[in-house]
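Take a look at the structure set out below.
Number of protein chains: 2
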Amino acid sequence: MSARKATARSKKAAENKPAAKKVAKKSANKKAAAKKTVAKKAPAKKTRAKKAMAKKASTPKPASAKSKIAKAAAAKAASQRRVFFFGGGKADGHAGMKETLGGKGANLAEMTSLGIPVPPGFTISTDVCADFNRRGQKLPPEVKADVLTALANVEQLMDLRFGDPERPLLVSIRSGARASMPGMMDTVLNLGLNDDTVVGLAKLADERFAFDSYRRFIQMYGDVVLGVPHDRFEHRLDVAKEARGVQDDTDLTGSDLRAVVRDYLEIVQEATQAPFPQDPQVQLWGAIGAVFGSWENARAIAYRRLNDIPDDWGTAVNVQSMVFGNMGDNCATGVAFTRNPATGERNFYGEYLKNAQGEDVVAGIRTPQPINEESRVEDTKKLPTLEGEMPKAYKELVKIYKRLEKHYRDMQDIEFTIQDGVLWMLQTRAGKRTSGAAVQIAVDMAREKLITRKEAIQRVDANSLDQLLHPTIDPSKAPPVIARGLPASPGAAVGEVVFSAEGAEAKAKGGAKVILVRIETSPEDIVGMNAAEGILTAKGGMTSHAAVVARGMGKCCVAGCGALAINYEQGVMRIGDDIVREGDILTLNGSTGEVMLGEAATVLPELGGAFTELMKWTDKVRKLRVRTNADTPQDAKVARSFGAEGIGLCRTEHMFFEPARILVVRQMILATDVRSREEALAKLLPMQRSDFEGIFRAMDGLPVTVRLLDPPLHEFLPHSEADIQTVADSLGRSLGDIRHALESLHEFNPMLGHRGCRLGITYPEIYAMQVRAITESAVNASADGVRVKPEIMIPLVSHEAELQRMRKLAEDVIAEVRRENPGTRVKPIIGTMIEVPRAALTADMIAKYADFFSFGTNDLTQMGYALSRDDAGNFLPDYVESGLLDADPFVSIDTEGIGQLVRMGVERGRQTRPDLKLGVCGEHGGDPASVRFFAEVGLDYVSCSPYRVPLARLAAAQAAVAEQSEGESD
Amino acid sequence: MSARKATARSKKAAENKPAAKKVAKKSANKKAAAKKTVAKKAPAKKTRAKKAMAKKASTPKPASAKSKIAKAAAAKAASQRRVFFFGGGKADGHAGMKETLGGKGANLAEMTSLGIPVPPGFTISTDVCADFNRRGQKLPPEVKADVLTALANVEQLMDLRFGDPERPLLVSIRSGARASMPGMMDTVLNLGLNDDTVVGLAKLADERFAFDSYRRFIQMYGDVVLGVPHDRFEHRLDVAKEARGVQDDTDLTGSDLRAVVRDYLEIVQEATQAPFPQDPQVQLWGAIGAVFGSWENARAIAYRRLNDIPDDWGTAVNVQSMVFGNMGDNCATGVAFTRNPATGERNFYGEYLKNAQGEDVVAGIRTPQPINEESRVEDTKKLPTLEGEMPKAYKELVKIYKRLEKHYRDMQDIEFTIQDGVLWMLQTRAGKRTSGAAVQIAVDMAREKLITRKEAIQRVDANSLDQLLHPTIDPSKAPPVIARGLPASPGAAVGEVVFSAEGAEAKAKGGAKVILVRIETSPEDIVGMNAAEGILTAKGGMTSHAAVVARGMGKCCVAGCGALAINYEQGVMRIGDDIVREGDILTLNGSTGEVMLGEAATVLPELGGAFTELMKWTDKVRKLRVRTNADTPQDAKVARSFGAEGIGLCRTEHMFFEPARILVVRQMILATDVRSREEALAKLLPMQRSDFEGIFRAMDGLPVTVRLLDPPLHEFLPHSEADIQTVADSLGRSLGDIRHALESLHEFNPMLGHRGCRLGITYPEIYAMQVRAITESAVNASADGVRVKPEIMIPLVSHEAELQRMRKLAEDVIAEVRRENPGTRVKPIIGTMIEVPRAALTADMIAKYADFFSFGTNDLTQMGYALSRDDAGNFLPDYVESGLLDADPFVSIDTEGIGQLVRMGVERGRQTRPDLKLGVCGEHGGDPASVRFFAEVGLDYVSCSPYRVPLARLAAAQAAVAEQSEGESD
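Protein chains in written order, with numbering that gives the first Met the number 0: chain A, 0 to 969; chain B, 0 to 969.
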């Protein structure tokens, strides 16, 4: 389950949250798709009537109504209730009832109870949804009765009557699920209009408004309930506009619209072979049924699958009295955030339009106005504000937003409508925000004592921190997206295309910014990858070589972009119809996987004081330590600056790829006897020693886990003719001889081949050299006063005998170095990776020879799942997309399967050795959902790439808080 | 543990047991390495004395001795006793005390108690060994006292005295561990001789015999106890022979030897700076200490490691009165088997030499004589027999052997010495035998009611049955061994070397017998493999493609023979200094892994009535069903003739390699859209249908499990230019296009890649075709009255969602075929392989969608152990040889690690679905130790290659018997 959630979260995070304006537009969008433009001028004489229409609900309801509601409430136990009334300051539900009422319904009830002006209405619970669909789209009869009772209460509060030709009550019918499913289900507005009530409405407001409302109701109801294609209606409207020679709907008069309505009714008659239902009751049941039924529409099902929303949750239906922001100049509609959703600043922030409906904001016909001075942006700096234009309503809005924020203890996204100067609240919910804003808001609210520090920690999505640490793309200045790969390493990068690592290095030395494009990368490409701004590969998954190394470097990477057809020889690639040549400019968005042809503007991140503060709080709360995976002193320093508390994985092999070293490494591998191998190793010894010394110094006082040589030897071998010749010459052997040696090192499944400690067992001299280098460098650094804590890690142990033998070898070398350096206190501890399923299964036996375990969950996943991360790109994305798997198990640990192995390893290891130090150094160490799992199973630390350290710290703190609160609730 | 034992057993089985003669030599070899030739003629006057020397022990001992022994026995509790006396018809120990007394000591005690004439002596228990070595090579004082008491008893029984110059008692000091460790530890004979006692001995026998015995004692003691290099002694002897101008030791006279003894004493003095110990007591402690100490010598340690004998077992030390077969012509020594060890016939069978020591048999100076008419062979048909020459001793020997066989209820390997016409038994133990003899003896003994049928079943080493089913090499007519690989598939093969599958096919069609030699094989080579007599590969392990396929075909295969340097282009290979060209004759021994240059004579197996009988018994006892892995009707028939009760694994992919089909398969794989893939599949459908139909007919009445397509698609792709062109042409696509497609199918770790059900998920049309072919062929066969039981198996499931989806697909196709064939009763059941660790971990969830599980323990081992069987050849043999691993986990299932996954799969699967059918179809299904494990965890069946079926039946029966007897003892 946690993995599922994490994916959903990471998807959201990857959306690259836009500025407040866009957010506001989105929210508005959802409101009233059918509410179109409005009569420009409501005649003055109608004003009073409109006011009257709104009056009753906002004033305390009479005693009789009160007693009626109380009676209804008493009539049934809360658990049996399926229709929940809200209005006039009282509600059957509350904010904690999202399961039953959906998010919208729960918050409408809550606001009502708070005494906030909400148009009265009622919510039909989510339970009814399943019931409805099970019964073949029929409402249970007792629900019908309850609906009628609730509707009567609304009539009374509004002093209007449903279907009354004089004072008709109009209602909206909206869906509202437990989780937000924007735009997925159906909505019907203005329900209650018919040939009679439209006349009454015209009297209360004006004719144009009334018939425009009726027209749109017919279209909406026709579309949603009766299945009449909406383009038939739109076509008729176009005809009317054409006939009148006008452009906009707003230019049609009341009588124009009256004619349109007539035609609309005919369209319905024609399409359904039945008249448009004139009975508001019939309309009501039709619309409620349609909204419940829309839970099962294809769009909604697809959305649920994508977002892991269970099918059996169901939606609630909200039936609510209509209020109008488009009845005249003293009407308005708007959206606001209680704090700035882009920056998190503590300013009330929003937009509104006078005499308008929410849709107008989206339509972009008019520029929305800022609600106050703080909300002004460049485009709106000269426009009047709500504060200026409708000071009374604004003042009330301010009072309400403060009330809401304080009540909900979180930043709120609110929607309001002002009808004839009277403020109505239509929605409140926790506001979406950028990750920067999330941090700022959480920290501010904790400082304001609105929430506790622990709550502040829980408020920030750990995954979203990635955005804070990497440059992002300014979407307004981005070229077109030509392909999409996996968002393998976050951030943004712009540069010239280069197709080889050498080329990347050369061009970068010349000062150019380059994007390294490869079919896939291999360890030989590391220098080139380091020189590049970003990396793009055609093959490989989220944990391919390119992805892992890029994340380690904190460098943007888009991987597994299958659309690329790369031709190295010609220095060109085809992406669909586009031809991209070496030197062309590409932009990569590593947070979304987008590849853009051309140059985008990028925005550098700023880490504010709030971030630093929040990180401090996390450190106080969490139990899980956070280390980093770092192979160089530089990486180590970066990670330390992000708060790493040690190195959990230092891969020695990356050190072997430097041009000055690789030849020696090759000599070592191709040596035909122990002596010549030892000669080559003797040359490597001082190099490795200096590597480690730098790292120990950078990590003064903190533990450093060095993993001995792990990858199959052939990864280091030469491929080009020239390189093979060089090695042959250096060894005084024939080309054929070397070629034969290279062939014999070929493996069918290198992942399961001669690697890890198997190398140490076959060639003990290699591991002996590495242990010597580690110990000697630690001795040297220690002699300079550096506090070294070396930990030697033996990789790929599958049987305790392997560790037993390698431990003995390491201990012997350490003892030797200690004898050579009398008085030194340096004494590395020795442990192993648990990365082979068998190692987890037999952890009790392996623990006999280990001071620590470090779970290699990448390999554990590869082997436990029989999934090669380099090859999974051919099918794994399909698995996840088609819903077969909840998540890519390389991104979030598969707690259900692979997690069992980790748990076993922990339990069995500690069973043998209670003081066993336990950590994880796979990619999962930087994934918040996985970190929570690791905290839960009781690891001592996680280790992740430097740029993921803050994220892991936060996730670890969240896990600790969650555990505490579980403990408290137990 | 069972895996360990199995290895030890399989090693023994692989030794290719020689005929009785060789066995006899071996046994004799172990006896008395230091007893060299003997005086040719013992003077007649000494005869009486010699008789006297032997008399006392073979007649009932006097009451005083009896009471002494009884007293000693009463003096200490059995558990405290560390010195165990035997002699005169009474013994402190018995045959059941091998742990304490070692094998030799236990049987000497047992024979003594049976009243069989055994030279008296005593055994110092194995407990003392550890104690001795722990104390820094010192005997505990109380043991010393007990030894002296026991020695006094021996003196009394023999009427000789230790160190007595007149009637000196001589003793042998021999090791004897719980498990036989032939030649690994030290022995000292003739102990008790010194300058005084040698004179007494000369008087009792003759001078030459006495000094020759003394000489050899000094050399042996000097070497074993004092560490004087034995070549110094040998050199001195050569000098003496040279001086006398003689060739053989036997030509030296008594006085020559007296001089040699003098020099030997000097050699010791010189080397040790001390005189040779003259005190027999000192000699005794020295020799006992040396034998205990030899438990820790390098040879013994290495042997224990190789044979998995725990270091803490220790050896016992046997101190026994000497008897001599070389004191004259009424002396003899011999070895016999109570039944013929080569054929199992119920004939007393043995060899002896007059006036000789065991070593003379080995030295080959004289041809050993047959003990009776039945023991005559070609070489010995004219020699006199023991029965003829010494009828009285022979008669007694017959009485004794019958007694022993009846007592031990098994065929015995016995050693005897006749001193002056008096028979002494020196050893009895279960006799080694060929696998054919083992079957014959077990069945005969059961028929004779000597043992039960269940015991008969336990008496045959299941692994050894391999020998019965395959041709073997006549070692007397075998060319030299030029290389050694892995014994990948048993049997023998002789043929011309061919380096390509096509060549093998062509030559075989021309009537030639060929050996296919490849660096490694791939599925494309199958036709050539089938055409060849045997297969030899340079790479790959016991479960490489070559090995698995060869075993399936019952064809001899030597795999992973690293010494081969093959050059395909030139049609030549280098093996060390030998050059082997195409067309040269090679002989392969698939049971030992030997490669011979030239032609060996092979012996075809004969399956006698005893084998058939034994197999019948196994079927009555076992609970585990035995199925076979078969891909063709031919294989299915062979397996059925061996008793297979169904097909547990029918691999559909092997059917794809026929030349007529492979092009269509390639078209299917390279299709760029579903429609053209379906076109190719439509062509494959009738082919697969006819495949399955043949198999269903061959398996009438028995279940057939068909596995849907499993291997990565690239295994089917063309490699040669011509083949690629053919495919391109047939698809109307460019060569470059096809090449690009081939590249994109390349995988880094195909084992963990796009294979198994992942193919079915990506290309559901492939699996749909296969399910249709299976169902339709079953319908067709069923319409003809064949009783079909089809089972469809989905491979490589790692997550239940995969199986859920594939099951749905299969069910839909089956339903369709059933609709198309109204009235058919055919309805395949659907199950899955459990071959991915995660599948075992989540078997409870997977079982929701499975009618059966078949454990794929090959892949489970590969993934659980992170061991690619194709690549493990580079290090796994070293692992096993160096003792790091007990056994190759691909040969015998690793019960400790991978076994946990099987157990989990069983338990969790049945937890969800108690009626789940459970089997195994990995290579382990044909390994007896693994079969026992599978029986223990409660599988319903195992499935193995056809030639392993009898072996699996036997192993399954043994498991059932073992379980019953455990149940009884509980």
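No residue lacks a Cβ here, since even glycine has one placed at the ideal position from N, Cα and C.
- Where I828 (chain B) is concerned, the enclosing beta strand (DSSP E) starts and stops at 828-833.
- Around the C-beta of P181 (chain B), fewer than 16 other C-beta atoms lie within 10 Å, and the residue is accordingly described as exposed.
- At a cut-off of 8 Å between beta-carbon atoms, A800 (chain A) makes contact with chain B.
- If you ignore the 5 residues before and after K476 (chain B), its C-beta comes within less than 7 Å of the C-beta of A599, A600, all in its own chain and listed in chain order.
- Within chain A, not a single residue places a beta-carbon under 7 Å from that of E764 (chain B); the smallest gap is close to 15 Å.
- The three-state reading of DSSP puts A315 (chain A) in strand, counting E and B together.
- When C-beta distances to chain B are compared with 7 Å, the residues of the segment 812-844 of chain A below that value are V835, P836, R837, L840, T841, in chain order.
- C-alpha of A809 (chain B) to C-alpha of L680 (chain B): approximately 16 Å in a straight line.
- Counting only residues of its own chain and dropping the five nearest sequence neighbours on each side, A429 (chain A) has a CB closer than 6 Å to the CB of D409.
- Contact between the segment 156-163 of chain B and the segment 288-308 of chain B is absent: fewer than 3 CB-CB pairs across the two stretches fall below 8 Å.
- A straight-line Cα-Cα distance of about 13 Å links R81 (chain A) and L147 (chain A).
- Under the three-state reduction of DSSP, A429 (chain A) is assigned to strand.
- Around the beta carbon of A273 (chain B), a 10 Å sphere encloses fewer than 16 other beta carbons of the protein chains shown; the residue is thus reported as exposed.
- For S797 (chain B), the neighbours in chain A by C-beta distance under 7 Å run, in chain order, Y864, A865.
- Partner residues in the beta bridge of C943 (chain B), as assigned by DSSP, are B:T627.
- When DSSP states are grouped into helix, strand and coil, Y393 (chain A) belongs to the helix group.
- When secondary structure is reduced to three states using DSSP, F85 (chain B) falls in the strand class.
- S964 (chain A) sits in a helix when the DSSP states are folded into three classes.
- Residues of the same chain with a CB within less than 6 Å of the CB of R298 (chain B), apart from the 5 flanking positions on each side, are M183 in chain order.
- Judged by DSSP in its simplified three-state form, K916 (chain A) adopts strand.
- A distance below 8 Å separates the beta carbons of M595 (chain B) and L585 (chain B).
- In the displayed model, R345 (chain A) falls within coil according to three-state DSSP, outside both helix and strand.
- Annotated as distal: A928 (chain B) and G540 (chain B), with beta-carbon spacing of 8 Å or more.
- For a cut-off of 8 Å, the C-beta gap from I514 (chain B) to E532 (chain B) is around 6 Å, short enough to register as a contact.
- Going by DSSP, T337 (chain B) is part of no alpha helix (DSSP H) at all; its letter is neither H nor E.
- Listed in chain order, the beta strand (DSSP E) elements of length 3 or more contained wholly in the segment 722-799 of chain B are 788-793.
- With respect to the C-alpha of E834 (chain A), the residue from A:I793, A:Q803, A:N462 having the closest C-alpha is A:I793.
- With at least 16 other beta carbons inside 10 angstroms of its own, A772 (chain A) counts as buried.
- Counting along the chain, E692 (chain A) sits inside no beta strand (DSSP E); it lies in the alpha helix (DSSP H) bounded by residues 673-697.
- Note on T611 (chain A): under 16 other CB atoms within 10 angstroms of its CB, so exposed under the neighbour-count rule.
- A check of alpha carbon separations from I440 (chain B) across B:G752, B:A609, B:G570, B:I217 identifies B:A609 as the nearest.
- By the criterion of a C-beta distance shorter than 6 Å, Y220 (chain A) is surrounded in its chain by V187, once the five residues flanking it on both sides are discounted.
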